[in-house]
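If you're matching them up, the sequences are chains R and Y in order. Heads up, the first sequence is in our numbering, so the first residue is 1 and it goes up one at a time. Heads up, the second sequence is in our numbering, so the first residue is 1001 and it goes up one at a time.
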Amino acid sequence: MSLAAQVAHLFRRELMLEQRQKYAFQGILLYVISTIFICKFSFREIQAVPSWNALFWIILLFAAVNAVAKSFVQENRGRLLYLYTLCDPRALLLAKMLYNALLMFFLAMTGLGIYLLLVGNPVQDYGQFLLVTFLGSLGFATVFTMISAIASKAGNNFTLMAILGFPVMLPLLITVIRASKNAIDGLDWSVSWKFHLAIAVLNVLVVALSYLLFPYLWRD
Amino acid sequence: MKNYWWKILCAGLLFYTLVAGFITPVPRLDILNESIRNLYFHVPMWFAMMALLTVSLVASIRYLGGYKSRFDQVALQAANVSMLLGVLGLLTGMLWANFTWGKPWTNDPKLNGVAIGMLTYLAYFVLRGSIEDPAKRARISAVYNIFAYVMFMVFINVLPRLTASLHPGNGGNPGFDTYDLDSDMRLVFYPAVFGWILLGVWLMSQRVRLARISEKLSETN
Chain R
1 MSLAAQVAHL FRRELMLEQR QKYAFQGILL YVISTIFICK FSFREIQAVP
51 SWNALFWIIL LFAAVNAVAK SFVQENRGRL LYLYTLCDPR ALLLAKMLYN
101 ALLMFFLAMT GLGIYLLLVG NPVQDYGQFL LVTFLGSLGF ATVFTMISAI
151 ASKAGNNFTL MAILGFPVML PLLITVIRAS KNAIDGLDWS VSWKFHLAIA
201 VLNVLVVALS YLLFPYLWRD
Chain Y
1001 MKNYWWKILC AGLLFYTLVA GFITPVPRLD ILNESIRNLY FHVPMWFAMM
1051 ALLTVSLVAS IRYLGGYKSR FDQVALQAAN VSMLLGVLGL LTGMLWANFT
1101 WGKPWTNDPK LNGVAIGMLT YLAYFVLRGS IEDPAKRARI SAVYNIFAYV
1151 MFMVFINVLP RLTASLHPGN GGNPGFDTYD LDSDMRLVFY PAVFGWILLG
1201 VWLMSQRVRL ARISEKLSET N
């Protein structure tokens, strides 16, 4: 079976697993919503664009750590080993990245809707903002999937996931925050395109690196 | 002579840096004044830190190539020494920034880049600490080292070019060539860079040997 076909199969498996344990998904969704409510009650309304923007991405960042952390943790060792004998281990990594990207994008969209409703709505260029949100959630998903694979080898603790992930995440996060600030301010595409390109290139880089390094990681 | 010529070279270069760095003439520039001499100490710290991190990366890649434990030791000790150089670079930089930019910590992309680099490698040490089995620790941390190094290089080399920086050579600020780094200063600066890098490598090799000796001792006991 080709790599793409394996990835597709494993992706369907991830969806099926999620469907069988809906509480995990509902849990993370509720996590995002209640975080936004806490922000709403703490800040009332945020007028300053930089703060609005930074808070939105910080909420998503923590949602991402929580949502993606379980990707390698939820599987027990026996089942992972079984999967690795059935398919290319890298296919499993790519499938998880793909699934987490979908999950993150969904969380980001839901979160954005509630955030706009509760905390205020300064966004001027929705097209750009959605593009940045899409690229950003893709980036969060890919980086944290790889970090979760690393952290799962070191005792699975959540603190480790965060301290390993945040510094590695920062180049992406900063570019995303800057690009989304441009989108909120309604700057022209000719100003922002290089940020979009930078995020896309970073995404490709992360996936390529993970693809190259995962074969050294999965063996026990 | 075969093996230690570079140590003599290192000591010589650093001695030259210390003497020539303080007595050779430097251009009189506004704001910078005599503090420009810090160029011989602050900037080479970063060069040496980057060099040691690169040594660490190469060692990690070679470890994954053959699983030889000495490469793991080199990767670890190079990261250790680069952290020391990072701290020294931050301290010398803060001293300099206090005189020229008015405060020790500005919100500058390069400063933030270094702070993040240090966080990354501190996380690397925590990761190492949390895995018991030495072979597994070496393998997993090598993977993280490679991943983190690439992201860190992106962070400090690519992102600052997207925004303005107070440091020379970025965002409209003049680089070395236009900054009156005249030929006199080059004569001290380049040997200084080379000397500090050699010192970093020297420290690293001492630590690797120390680790090997204590490993041997714990085996015999």
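Just so it is clear, CB atoms sit at the ideal spot from N, CA and C, and this is done for glycine as well.
Going by DSSP, what residue range makes up the alpha helix (DSSP H) through R/C39? 22-43 is the span of the alpha helix (DSSP H), which, as asked, contains R/C39.
Return the Cβ separation of Y/N1038 and Y/T1092 in integer angstroms, given the expectation that the two are a contact with Cβ distance under 8 Å. Between Y/N1038 and Y/T1092 the beta-carbon gap is near 6 Å, inside 8 Å, which marks them as a contact.
Fully enclosed by the stretch 30-112 of chain R, which alpha helix (DSSP H) runs are 4 residues long or longer? Within the stretch 30-112 of chain R, the complete alpha helix (DSSP H) runs of at least 4 residues are 49-73, 77-86.
Quick check: the stretch 55-75 of chain R against the stretch 13-33 of chain R, are at least 3 beta-carbon pairs closer than 8 Å? Contact between the stretch 13-33 of chain R and the stretch 55-75 of chain R is present: 3 or more CB-CB pairs across the two stretches fall below 8 Å.
Measuring only the C-alpha atoms, how far is Y/N1003 from Y/L1057? Taking the straight line from one Cα to the other gives about 24 Å.
Going along the stretch 83-97 of chain R in order, which residues come within less than 8 Å of chain Y, judged by CB to CB distance? Those would be none; no residue qualifies.
Could you give the DSSP three-state label for Y/Y1067: helix, strand or coil? It is coil, neither helix nor strand.
With a CB to CB cut of under 8 Å and the five nearest residues on each side skipped, what residues in its chain are close to Y/I1131? Cβ neighbours of Y/I1131 beyond the five flanking positions: R1137, I1140, S1141.
What residues from the stretch 207-220 of chain R come within 7 Å of chain Y, judged by C-beta to C-beta, listed N to C? Cβ contacts with chain Y come from L209, L213, Y216, L217.
Nonlocal neighbours in the same chain, by C-beta distance under 8 Å from R/L164, ignoring five residues either side: Correct list, in chain order: I147, I150, A151.
Could you tell me which whole alpha helix (DSSP H) segments of length 4 or greater appear in the stretch 1063-1143 of chain Y? Listed in chain order, they are 1069-1100, 1109-1129.
Span separating the alpha-carbon of R/A141 from that of R/A101: Distance between the alpha carbons of R/A141 and R/A101 is about 5 Å.
Alpha-carbon to alpha-carbon, Y/R1207 and Y/L1217: Note on geometry: alpha-carbon atoms of Y/L1217 and Y/R1207 lie some 15 Å from one another.
Cβ-based burial, R/T159 [other Cβ within 10 Å; buried from 16]: With fewer than 16 other CB atoms across the displayed protein chains lying within 10 angstroms of its CB, R/T159 is exposed.
What is the DSSP secondary structure of R/D220, counted as helix, strand or coil? Here R/D220 sits in coil by DSSP.
R/K181 and R/P50 look like a contact to me (Cβ under 8 Å); what is the Cβ gap, rounded to whole Å? A Cβ-Cβ distance of about 7 Å is found for the pair R/K181 and R/P50, placing them in contact under the 8 Å criterion.
What is the DSSP secondary structure of Y/Y1004, counted as helix, strand or coil? Note: Y/Y1004 maps to coil in three-state DSSP.
Are the C-beta atoms of R/V204 and some chain Y residue less than 7 Å apart? For R/V204, the nearest beta carbon of chain Y is not closer than 7 Å to its own beta carbon.
Run through DSSP, which three-state label would R/M1 get? Secondary structure at R/M1: coil, using DSSP grouped into helix, strand and coil.
Would you grab the beta carbon distance between Y/F1155 and Y/I1116 for me? Rounded to a whole angstrom, and I think it's under 8 Å. Your pair Y/F1155 and Y/I1116 checks out as a contact, with CB atoms roughly 6 Å apart and the cut at 8 Å.
Where Y/S1060 meets chain R, residues with beta-carbon distance less than 9 Å: The contacting residues do not exist; Y/S1060 stays about 10 Å from chain R at best.
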